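In terms of the numbering used here, the sequence shown is numbered consecutively and its last residue is 1623.
The beta-carbon is built from N, C-alpha and C at its ideal position, and this holds for glycine as well.
Please read all numbers here as calculations on a predicted model, not as lab measurements.
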Amino acid sequence: MTEGMAAQRGLLIGGSWRTTAAGEIDVRAPYDGRVLGRVPVATPIEVAEAVMSATDAHRRGPLPPAERSAILRRAATRIRDRGDELARLVALESGKPMREARGEVARTALVLEEAAEEARRITGHLVPIDGVAGSEDRIAYTIRVPVGVVAAITPFNGPLLSPAHKVGSAIAAGDAVVLKPATATPLSALELAAELLAAGLPADLLHVVVGPGDAVGDALVDDPRVAMVSFTGSTSVGLRIRARLGLRRATLELGGNAPLIVHEDADVEAAARAAVAGSFGYAGQVCISVQRILVHRAVRERFERAFMPLVAALRVGDPLDEATDIGPMLTTEKALQAEAGVRDAVAAGGRSLTEIRRDGALLWPVVLADPDIALPVVCQEVFAPVVSLLSYADLDEAISLANATDYGLQAGIFTASLAVALDASRRLEFGGVVVNDTSRYRVDRMPYGGVKSSGVGKEGPRYAIEEMTEEHLVVLRGTPR
Ligand code: NAP
């Protein structure tokens, strides 16, 4: 594919690629600002058309599960066949280094396969109502039926994988989907949609509308025919969506601020190696990036000795260069904002163990030592290659420091003690706790989702399908006696 090819895709409504009266947006590479493609902006008319077509598809009734499964499998193969080309597109439009972009494409194919498997085993359960006096002649069970039209709204940082999670799970569940990808990175999502159609997905089951969140996103969310919103993005936008939905369903995968606890009995060198990838992969623009490293004071010096040379060795630059570890942030404004947060922390008494260096959207990795934990760069979501090192005296203090944030997506703890691991896993207020690895660990079949301001509901096809189906109860009565 040439870099301009995705631009010819347009909006996807009812199986055709559309232009609109509202003009086009340029999709630019974060690294050098080059235009990668132009995509038409949807108006409320296209949004309504897409929802109407999806509603009609839902009324027609779902595809048989085996057919959904076969389509998803074929799409996975098609994505894999275009692996290098799609990885390059992901790297170009998101600024993600090639190594990680390849990983994203591989995971996208796997997610579609996971969804294909789950499509064939959607099930309810038996309810033993015959155990209740007077109901001996009845039997009850539940079935899961598609919710209807799902609006999938995705962020910039997983331009192929995030749409695949939502669209793959919705198709597996038997729903119809309208996808709104991030305006900064819509090209990979359009390629995913093209591959699903080419794999045999009926044209009215998937539509893609592109355009600003506060116009296209709002129009989609406000349409009462949308039964459910599956949203991944910032907490502020998630709250705005929740407030507009009334009783309609939502899965909200929101921001994070992940801690990594390195206990006194941990393999400190292994923790340091994992912390580097966990903190700085994709320039920290990952919701489960390690943002705070809490190190037992007995091993703090050893940890720094192992960690800092690895940080110094990270290569910052062009995401298309195979040697690059850290590419650009999405925009220069975001890099400037993160740099300002770091400088504030230093002005307030924290120390930077690294040189604070920025060039446009490129921000070199920052390690802050002992900043004030009330500062935004520590307790809020920084979403940048910035990590804070803090010490603690005992596990109680580590847990209370780890929980001292509004967020609760995933946490990591390195320890050799099973007792410490089990205790921490109960007391850490996070949707997932990873022992002897960082919060960055994720395989796509696991239930993934946060607590507190990190959202509600789970992703991972099996769990997303539960969210995207309704449970209906069926009561069967034998011939009344
Ligand atoms: P964002 O600004 O919240 O945008 C996410 C999506 O919402 C985009 O498609 C955006 O459209 C759209 N949107 C914006 N305003 C909207 C509105 N009023 N109604 C409906 N949709 C609207 O987030 P981002 O900057 O792209 O992504 C980074 C954030 O996502 C971080 O907070 C990160 O932690 C979070 N995230 C969470 C997870 C998770 O699984 N928990 C995973 C990845 C990322 P535009 O692009 O047009 O603004």
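Using only the alpha-carbon positions, how far apart do residue i and residue j sit?
i     : j     : result
A1544 : V1368 : 37 Å
A1400 : D1360 : 29 Å
A1148 : V1309 : Residue confidence is low: A1148 scores 44 on pLDDT, short of 50, so the model does not pin down where it sits. No coordinate-derived value is stated.
V1352 : D1407 : 50 Å
F1525 : S1567 : 24 Å
L1578 : S1421 : Residue 1578 is actually Asn in this sequence, not Leu. Spanning the two alpha carbons is a distance of roughly 15 Å.
G1146 : R1230 : Because the pLDDT of G1146 is 42, which lies under 50, any placement of that residue in the model is unreliable, and the number read from its coordinates should be weighed accordingly. If I take the Cα positions, the gap works out to 13 Å.
T1325 : E1497 : 33 Å
E1255 : Q1522 : 35 Å
E1395 : K1600 : 8 Å
G1469 : E1246 : 15 Å
M1143 : T1265 : Residue placement at M1143 is flagged as unreliable, the pLDDT there being 42, under the threshold of 50; the coordinate-derived value follows with that caveat. The alpha-carbon atoms of M1143 and T1265 are separated by roughly 40 Å.
A1487 : H1438 : 22 Å
V1432 : A1417 : 7 Å
R1447 : A1312 : 47 Å
R1442 : A1248 : 37 Å
L1564 : I1271 : 37 Å
A1558 : G1574 : 19 Å
P1354 : T1284 : 40 Å
P1622 : A1282 : 16 Å
G1175 : G1375 : 23 Å
A1217 : E1337 : 6 Å
G1597 : G1620 : 44 Å
Opposite residue i in the DSSP bridges: which residues?
i     : result
D1501 : L1504
Q1552 : G1574
H1438 : Y1534
E1166 : P1182
M1370 : V1292 and R1391
H1665 : This structure gives no information on residue 1665, because the portion of the chain shown stretches from 1143 to 1623.
E1612 : V1287
S1494 : L1510
A1331 : DSSP lists no partner for A1331.
V1528 : V1508
S1158 : I1155
Y1590 : E1601
L1618 : I1281
I1468 : V1458
V1520 : In DSSP, V1520 forms no bridge with anything.
L1205 : DSSP output for L1205 lists no bridge partner at all.
L1252 : For L1252, which the question treats as bridged, DSSP gives no partner whatsoever.
L1402 : I1435 and G1554
V1189 : DSSP lists no partner for V1189.
V1177 : R1170
Report buried or exposed for residue i, applying the criterion of at least 16 other Cβ atoms within 10 angstroms of its Cβ.
i     : result
M1588 : exposed
T1580 : buried
D1346 : buried
H1200 : buried
E1613 : exposed
H1267 : exposed
L1531 : buried
L1154 : buried
L1560 : exposed
L1615 : exposed
P1206 : exposed
G1300 : buried
M1392 : The residue you asked about is not Met; residue 1392 is Ala in the sequence shown. With 16 or more Cβ atoms within 10 Å of its Cβ, A1392 is classed as buried.
D1226 : exposed
S1236 : buried
E1278 : exposed
S1542 : exposed
V1253 : buried
Can you round the beta-carbon distance between residue i and residue j to whole angstroms, since I take them to be within the 8 Å contact cut?
i     : j     : result
M1610 : M1370 : 6 Å
S1330 : L1348 : Not confirmed; about 15 Å, so no contact.
L1551 : G1592 : 4 Å
L1462 : A1233 : 6 Å
G1397 : Y1534 : Not confirmed; about 24 Å, so no contact.
V1529 : I1430 : Contact doesn't hold; Cβ gap of about 13 Å is too wide.
L1334 : A1306 : 6 Å
I1213 : A1341 : 5 Å
P1507 : V1453 : 5 Å
D1409 : F1556 : 7 Å
P1239 : T1466 : 5 Å
A1083 : L1510 : Outside the displayed range of the chain (1143 to 1623) lies residue 1083, so it cannot be described from this structure.
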